[in-house]
Amino acid sequence: MSFDSLGLPEQLLSAVREAGYENATEVQTQAIPQGLAGTDLMVSSRTGSGKTAAFLLPILTQVLARRASNPELVPAFLPRFGGRPQRGGPRAPRTPRANGPVVNPIGLVLAPTRELAQQVAQAAIQLGRGIPGFSVCTIVGGMPYQAQLARLRAGADIVIATPGRLLDVANTQTGMLSEIKTLVLDEADRMLDLGFIEDIEAIAAMLPKPRQTLMFSATFDGRVGGLARELLNQPQRIDVASAPEQKAQIEQRLHWADHPHHRAALLEHVLADATVDQAVVFAGTQIEAEQLAGQLAELGHAVAALHGGMPQGKRNRTLQGLRRRELRVLVATDVAARGIDVPTISHVINLGLPMKAEDYVHRIGRTGRAGRSGLAVTLAMREDLPRLRRLQAYTKEALAPSRIEGLEPKKPDPVVFSERPRTEFGGGERRPYGDRPSFGGDRKPWGERKPFDRDGERKPFGDRPAFGDRKPYGERPQFGDRPAFGDRKPYGERPAFGDRKPYGERPQFGDRPAFGDRKPYGDRPAFGDRKPHGERPAFGDRKPYGERPAFGDRKPYGERPAFGGQGDRPQAERSWDERKSERPAGFGKPRRNYE
Numbered sequence: 288m289s290f291d292s293l294g295l296p297e298q299l300l301s302a303v304r305e306a307g308y309e310n311a312t313e314v315q316t317q318a319i320p321q322g323l324a325g326t327d328l329m330v331s332s333r334t335g336s337g338k339t340a341a342f343l344l345p346i347l348t349q350v351l352a353r354r355a356s357n358p359e360l361v362p363a364f365l366p367r368f369g370g371r372p373q374r375g376g377p378r379a380p381r382t383p384r385a386n387g388p389v390v391n392p393i394g395l396v397l398a399p400t401r402e403l404a405q406q407v408a409q410a411a412i413q414l415g416r417g418i419p420g421f422s423v424c425t426i427v428g429g430m431p432y433q434a435q436l437a438r439l440r441a442g443a444d445i446v447i448a449t450p451g452r453l454l455d456v457a458n459t460q461t462g463m464l465s466e467i468k469t470l471v472l473d474e475a476d477r478m479l480d481l482g483f484i485e486d487i488e489a490i491a492a493m494l495p496k497p498r499q500t501l502m503f504s505a506t507f508d509g510r511v512g513g514l515a516r517e518l519l520n521q522p523q524r525i526d527v528a529s530a531p532e533q534k535a536q537i538e539q540r541l542h543w544a545d546h547p548h549h550r551a552a553l554l555e556h557v558l559a560d561a562t563v564d565q566a567v568v569f570a571g572t573q574i575e576a577e578q579l580a581g582q583l584a585e586l587g588h589a590v591a592a593l594h595g596g597m598p599q600g601k602r603n604r605t606l607q608g609l610r611r612r613e614l615r616v617l618v619a620t621d622v623a624a625r626g627i628d629v630p631t632i633s634h635v636i637n638l639g640l641p642m643k644a645e646d647y648v649h650r651i652g653r654t655g656r657a658g659r660s661g662l663a664v665t666l667a668m669r670e671d672l673p674r675l676r677r678l679q680a681y682t683k684e685a686l687a688p689s690r691i692e693g694l695e696p697k698k699p700d701p702v703v704f705s706e707r708p709r710t711e712f713g714g715g716e717r718r719p720y721g722d723r724p725s726f727g728g729d730r731k732p733w734g735e736r737k738p739f740d741r742d743g744e745r746k747p748f749g750d751r752p753a754f755g756d757r758k759p760y761g762e763r764p765q766f767g768d769r770p771a772f773g774d775r776k777p778y779g780e781r782p783a784f785g786d787r788k789p790y791g792e793r794p795q796f797g798d799r800p801a802f803g804d805r806k807p808y809g810d811r812p813a814f815g816d817r818k819p820h821g822e823r824p825a826f827g828d829r830k831p832y833g834e835r836p837a838f839g840d841r842k843p844y845g846e847r848p849a850f851g852g853q854g855d856r857p858q859a860e861r862s863w864d865e866r867k868s869e870r871p872a873g874f875g876k877p878r879r880n881y882e
């Protein structure tokens, strides 16, 4: 669809044509008309789908309308990003403010990273060039605080900021956000991942109501959905490829590496290709990015690192060097690479896979921009297999492994998903067990199988007749015609069960001899002949064991000598103090005197 049919003013349409845009994308076609109508939006779209223009053009339409009704609103033009470009260098020129009140911003865009915020600011300046006196203020961390504060005091139509720095500035400048009409949360899921949810809530509480809120996120599950319910008022849902479809102009390749040295050799081979115009290599951590950039520089590549731990000035100079084609290779982390829009990037190389499948989609979206073709190469090892499975489940596309002659992996490629086809009921063809046909492959379909028939002609199993040839149940001998149990032959010399005497001929319980009349066992007298318990000698009359006197003949306790055998005095006549004086030296530790 053409931009002319979206209801945009002519000044903005001219800027769109100058920027090289001809037809609106799907997300722009759906979001721009509703944004112009003042509707709150929840938008899910893939990277590179044109969502930046989808929320900037409605805000610029509001700016243009305010300028037309209040031409005296002309802000002071300070340096675009404020402050000195370099320490000790000349101060950037200032344009004096025309007569009239300072303009307050009516549009606020929050972005997760500094690079993305500056990328949105560049797009806003490009699309708003037809608006007289249009001004954009960027407030991000890593830049001089006082310069950004002075820039905001001078006035701006749109503020584009990261949540943390904006909250610091807003706390010192009361009322600066009092005229905001539209709030945009760009990549809201990423901002929540970075821990900005409390800052976003605090900023939203400073804004006037009613207002328009546009929320762009890859997903609206969990915390993102909760934030949307809190900030948005009866929003409209726009879902453009929620499970991202990769653009046809981006070719994707997967190379398996046996170990890190093998992966480094694959990376050097890819970068040596003459078709590489500019490449972005993604590393997992800031340390890996710095180390890899140093290694590639030693190999002669024009390379630089880009990550969140670098000063903002150095990050800006790195991006400028990439846009000016002074750098051929950029080694970046996921957060720092958000918002990079350089059309000359022809290759994206992943050293391993990111934790989130959405980050992979954002990575490869750095190439294939502005209608150009691109190549995304992933150099993976066995440890990346779980992430690859999550990625393929998210994109619903399989990455086919590729090989480079002379750098083939020695290990076999790991199996990402099972290749067996799935049947209608979710199962698959099982492997046959010996000559047994598989469950789903060799048997006839259900409709062609013969129904079960008792009189059928199934083949017998060995010498056993088939089930259908057996005699029917009615022709089998009845239970009464079978030989009785007692007519069977005895087992060995044992009489059959039926020849045994009936139970009634066995002697009754009362005819049996008494228990005491039974014969004794060996020389032991029978139990009944034993002497009663009362005639047994008392315990004290038993013979002593050896020379030890019987227990009953022992002397009483009081007549025994004291412990240690000293003296014949009974123990009862000795006091404790007398015993204590006779204790040998060293018998025990003396008690401590606490008096």
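FYI, in this note's numbering the residues of the sequence shown are 288 to 882.
Backbone N, C-alpha and C define an ideal beta-carbon position, used for all residues, glycine too.
I need the straight-line Cα distance from residue 640 to residue 312, nearest angstrom please.
It is roughly 29 Å from the alpha-carbon of residue 640 to the alpha-carbon of residue 312.
Do residue 478 and residue 896 come within 8 Å of each other at the CB atom, strictly closer than that value?
Look at the range of the chain in this structure, 288 to 882, and you will see that residue 896 is not part of it.
Here's a check: name, in chain order, each residue in its chain whose Cβ is nearer than 7 Å to the Cβ of residue 339, leaving out the five neighbours to either side.
In chain order, 407 and 410 place their CB closer than 7 Å to the CB of residue 339, counting only its own chain and leaving out the 5 sequence neighbours on each side.
By DSSP, does residue 493 sit in helix, in strand, or in coil?
In the structure shown, the three-state DSSP call for residue 493 is helix.
Rounding to the nearest angstrom, what Cα-Cα distance links residue 238 and residue 403 in this structure?
Absent from the model: residue 238. The displayed extent of the chain is 288 to 882, so no value can be given.
Quick test of your reading: residue 292 and residue 314, contact by CB under 8 Å. State the CB separation rounded to the nearest angstrom.
Between residue 314 and residue 292 the Cβ distance is about 16 Å, and since that is not below 8 Å, they are no contact.
Can you say whether residue 422 is buried or exposed, counting buried as having 16 or more other CB atoms within 10 angstroms of its CB?
buried
Let me know the secondary structure DSSP gives residue 392 once reduced to three states.
coil
Are the segment 584 to 598 and the segment 609 to 622 touching, with three or more C-beta to C-beta distances below 8 Å?
yes
Is residue 646 buried or exposed, if buried means 16 or more other CB atoms sit within 10 Å of its CB?
buried
Is it the case that the Cβ atoms of residue 675 and residue 686 are separated by a distance below 8 Å?
yes
Considering just the uninterrupted stretch of the beta strand (DSSP E) at residue 448, what are its terminal residues?
445 to 448
Just confirm the distance between the C-beta atoms of residue 665 and residue 541, as a whole number of angstroms; I'd bet it's less than 8 Å.
5 Å
Which runs of the beta strand (DSSP E) fall wholly inside the segment 533 to 557 and span at least 3 residues, in chain order?
537 to 543
Determine the extent of the alpha helix (DSSP H) in which residue 478 is found, giving its start and end residues.
475 to 480
Could you spell out the range, first to last residue, of the beta strand (DSSP E) harbouring residue 661?
661 to 667
Just to confirm before moving on: does the CB-CB distance between residue 511 and residue 551 stay below 8 Å?
For residue 511 and residue 551, no; Cβs fall outside 8 Å.
Just how far apart, CA to CA, sit residue 494 and residue 444?
15 Å
Compare the C-alpha of residue 539 against each of 575, 650, 607 and 579 and name the closest.
650
Is the beta carbon of residue 662 closer than 8 Å to that of residue 633?
yes
Could you tell me if residue 289 is buried or exposed, where buried requires 16 or more neighbouring beta carbons within 10 angstroms of its beta carbon?
Exposed.
Which residue wins for smallest C-alpha separation from residue 612, given the options 622, 413 and 630?
630
I believe residue 570 touches residue 638 by the beta-carbon criterion, under 8 Å. Please report the beta-carbon distance rounded to the nearest angstrom.
6 Å
Thinking just about the alpha-carbon of each residue, which of 677, 670, 668 and 625 is nearest to the one in residue 643?
677
Exposed or buried, which one is residue 433 when buried takes at least 16 other CB atoms within 10 Å?
Residue 433 comes out exposed.
Just to check my reading of the structure: residue 331 and residue 526 have Cβ atoms closer than 8 Å, yes? What is that Cβ distance to the nearest angstrom?
5 Å
For residue 469, count neighbouring Cβ atoms within 10 angstroms of its own Cβ and tell me buried if that reaches 16, exposed if not.
buried
Could you tell me the distance, in whole angstroms, from the CA atom of residue 565 to the CA atom of residue 622?
So the two alpha carbons sit approximately 20 Å from each other.
Evaluate residue 652 with the Cβ neighbour count: other Cβ atoms within 10 Å of its Cβ, from every protein chain shown; 16 or more gives buried, anything less gives exposed.
buried
Which residue or residues does DSSP assign as beta-bridge partners of residue 591?
Answer is 617.
Measuring only the C-alpha atoms, how far is residue 308 from residue 302?
Between residue 308 and residue 302, the C-alpha separation is close to 9 Å.
Rounded to the nearest angstrom, what separates residue 702 and residue 537 at their Cα positions?
24 Å
Check the C-beta distance from residue 489 over to residue 454 and give it rounded, since I have them as a contact under 8 Å.
Yes, residue 489 and residue 454 are in contact; Cβ-Cβ is about 6 Å, under 8 Å.
Can you look up residue 635 in the DSSP assignment and give me helix, strand or coil?
strand
Under the DSSP definition of a beta bridge, which residues are partnered with residue 421?
None; residue 421 has no bridge partner.
What three-state label does DSSP hand residue 469 in the structure shown?
strand
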